[in-house]
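Shown next, in structure tokens, is the structure this report addresses.
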Amino acid sequence: PAAEGLPPNEPRAPGLDALTSRQAFMIGCFQCLALWPGFSRSGATISGGMLMGVSRYAASEFSWLLAGPMMLGATVVGLVL
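Listed below in structure tokens is the structure:
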């Protein structure tokens, strides 16, 4: 891929403790891409986190944490409807 030729950037937020509210909001917005068929929720949030300057490890950990409320909401909607 074309991105392999780019020099790696040092993450501005190496861990979850350094994650800003703006970064967290933007990663959540990337999660909305999963509403379209074919988009991976975890792939969208991890990619969004890395684009926002979060380390790969912190982005994957935050993606996992975002899954809980989303899965709970989907379960509630499934039970109600």
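Residues in the sequence shown are numbered consecutively from 1, following full-length UniProt numbering. Even for Gly, the Cβ is constructed at its ideal location relative to N, Cα and C.
Counting along the chain, no alpha helix (DSSP H) covers S40, and no H or E run does either. Around the CB of T45, 16 or more other CB atoms lie within 10 Å, so the residue is classed as buried.
Our two residues, S40 and G78, have alpha carbons roughly 20 Å apart in a direct line. DSSP places L66 in the uninterrupted alpha helix (DSSP H) bounded by R56 to V80. From the listed residues D17, P37 and V54, the smallest Cα separation to E10 is found for V54.
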